[in-house]
Amino acid sequence: MPSLSNNKIVLIPSSRFTIDELTTIYNQTRVDYLIPMPMNASRLAEYVAAYDVDLDHSFVASENGELRGVAMLGIRADRTWITRLGVIPSTRRGGVGEALMHSLLDRSEQLGINFNMLEVIKNNTPAHQLFLKLGFYEVGELLILRRSPSKTIMEPVIADARRLERYEALDLVGYDRGTQPWTNQSESMSHAQDISGLYLTLPNGSSGWLVYQRQKFMLTHFIYKTEVGDPAEMAYAFLSHLHHQYPRLDTHIENIQANDPHLPGFYKMGYVEAFRRIEMWRGDPPKSLVAK
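Residue 872 is where the sequence shown starts when you use the working numbering, and the numbers rise one by one after that.
So, in structure tokens, the structure goes:
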């Protein structure tokens, strides 16, 4: 596949680099970032697989023989996702980021996909302005929440609780949920390992479910729904059962809608906001993604 160029900026497909090389480039672009989020090679490889990142359609930028930045493209039916965009700090505002963005948008169009998604950390003004310039518009704000392990094992809310096996959990996640952030889409969950869930019915008839990923030291990737009743009450109920089961695990969940009615239940359970992202789209979401 030929490299693409923009003046002195040369764009090289990321597939020409090893995962170790891509990890090094990415980490160099984030050393002074608002939220650095460094990667190691193993985590980056998992990221590429979990989020359908296509390295043939992702790019590393080079200028005068020096590597200047990286950007990756996730590809799914009817939509693409721009992620891991970063430019070496000393060379920012020189057109590298814009050249990388144009390359990913051009690839999306070549694939026949006209709906693009991304998230930008709130208050990252230069990146936000670039995305607006390129035709992206704001959809909403997304929260990143964390909860430290509890030293006290709490008693769970009284409920009829049933553990969900992986296939049951993924079946629930697969229901129509509208245009979710890329990390929370059904495909992301189906690629993840160690997926489980809980289904709760409260004495007052309220019911709902939580699907999550249990990693070695952390709970993450939460998808949930209140079927009957008050969302805040249901959130506190299923979280009380989850953290009673795993009292020593950290919890880190991403891209929760800022207007999610379940949030009071999370805060009551001791979750705190780490930071926010602005969700942005370009184009209209395809009908296949709109909640029915």
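Cβ atoms here follow ideal geometry from the backbone N, Cα and C, with glycine treated the same way.
Just to confirm the assignment, what range does the beta strand (DSSP E) spanning residue i have?
i: Ile-1149; result: 1143-1153
i: Asn-1180; result: Past the edges of the chain, shown from 872 to 1163, lies residue 1180, and the structure says nothing about it.
i: Pro-884; result: 880-884
i: Val-958; result: 950-958
i: Val-924; result: Counting along the chain, Val-924 falls outside any beta strand (DSSP E), and DSSP gives it neither H nor E.
Considering Cα atoms alone, identify which of the options is closest to residue i.
i: Glu-1036; options: Arg-1085, Ser-1059, Trp-1053 and Ile-1015; result: Arg-1085
i: Ala-1108; options: Ile-984, Asn-1075, Pro-960 and Arg-964; result: Asn-1075
i: Tyr-897; options: Gln-1128, Ile-959 and Glu-917; result: Ile-959
i: Leu-1005; options: Gln-1116, Asp-1031 and Ser-974; result: Ser-974
i: Asp-903; options: Asn-911, Lys-879, Gly-957 and Val-881; result: Gly-957
i: Thr-954; options: Ser-961, Thr-962, Gly-940 and Arg-964; result: Gly-940
i: Gln-1000; options: Arg-1018, Asn-985, Gln-1056 and Glu-969; result: Glu-969
i: Pro-1135; options: Ser-1111, Pro-1102, Leu-1113 and Tyr-1008; result: Pro-1102
i: Glu-967; options: Glu-917, Pro-1020 and Thr-900; result: The residue you asked about is not Glu; residue 967 is Val in the sequence shown. Comparing Cα-Cα distances from Val-967 to each of Glu-917, Pro-1020 and Thr-900, the minimum goes to Thr-900.
i: Tyr-1038; options: Gly-1049, Ile-1066, Met-1025 and Leu-905; result: Ile-1066
i: Arg-1164; options: Ser-1059, Ser-1061, Ser-1019 and Gly-1068; result: Not covered by the structure: residue 1164. The range shown for the chain is 872 to 1163.
i: Lys-879; options: Ala-1145, Ser-1078, Ala-932 and Pro-1052; result: Ala-932
i: Lys-1139; options: Asp-1131, Arg-1153 and Ala-1106; result: Ala-1106
i: His-1114; options: Asp-923, Glu-1026 and Thr-951; result: Glu-1026
i: Gln-1064; options: Trp-1053, Tyr-1070, Leu-1090 and Leu-1071; result: Leu-1090
i: Ser-913; options: Asp-927, Leu-893 and Asp-923; result: Leu-893
Bridge partners for residue i per DSSP, in chain order?
i: Glu-937; result: Glu-934
i: Ser-1078; result: Thr-1072 and Val-1099
i: Tyr-1008; result: Trp-1152
i: Gln-981; result: Answer is none; Gln-981 lacks a bridge partner.
i: Val-871; result: No statement about residue 871 is possible, as the shown extent of the chain runs from 872 to 1163 and does not include it.
i: Tyr-1083; result: Ser-1067
i: Gly-945; result: Val-924 and Trp-952
How far does the alpha helix (DSSP H) with residue i in it reach, from first residue to last?
i: Arg-901; result: Looking at the DSSP string, Arg-901 is not in any alpha helix (DSSP H), and its letter there is neither H nor E.
i: Lys-1139; result: 1134-1139
Taking only heavy atoms of the ligand SAH into account, decide whether any of them is closer than 7 Å to the Cβ of residue i.
i: Thr-1054; result: In terms of ligand content, the structure shown is empty, and the ligand SAH therefore cannot be addressed.
Subject >> Three CB pairs or more closer than 8 Å across the region 934-941 and the region 1039-1059 >> reply: no
Subject >> Complete runs of the beta strand (DSSP E) confined to the region 1010-1071 [at least 3 residues] >> reply: 1031-1035
**OP:** Answer yes if the region 1005-1020 comes into contact with the region 1115-1126, meaning at least three C-beta pairs across the two stretches below 8 Å, and no otherwise.
**Re:** yes
Original post:
Are there three or more Cβ pairs, one per stretch, closer than 8 Å when the region 1114-1121 is compared with the region 905-913?
Top reply: no
Subject >> the region 975-988 in contact with the region 886-897 per 3-pair CB rule at 8 Å >> reply: no
Original post:
Per the contact definition of three or more C-beta pairs closer than 8 Å, is the region 1147-1158 in contact with the region 989-998?
Top reply: yes
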